[in-house]
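Numbering (our numbering), first residue to last: 2 to 96.
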């Protein structure tokens, strides 16, 4: 499972790959996804952005994410990456 993101930093596109995803990150992702489904706030967006930075092993800053990723793609990318971290974990625990 490769999770990648492309950011525009200093006028150049830079591609980042997420490193090893731990079970701790799975737990944090599950908790954050529950928060998101209860409603989006400015604070929630900040939490999601910080979580994405952590998923990618702090290879870029939250400011580089905010300034270098298209706003109209942010929600989809956040959900996509969180779903990749969760995999089919949620489906397995429901069944």
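Note that the Cβ used here is the ideal one computed from N, Cα and C, for glycine as well.
Predicted model only: the values in this text are computed from it and were never measured.
Residue pairing from DSSP places residue 17 in a beta bridge opposite 6. The shortest C-alpha to C-alpha distance from residue 21 to any of 57, 30 and 14 is the one to 57. With fewer than 16 other beta carbons inside 10 angstroms of its own, residue 3 counts as exposed. Contact annotation: residue 63 and residue 51 have beta-carbon atoms nearer than 7 Å. Between residue 30 and residue 87 the beta-carbon gap is near 6 Å, inside 8 Å, which marks them as a contact. In the three-state scheme derived from DSSP, where H, G and I count as helix and E and B as strand, residue 84 is classed as helix.
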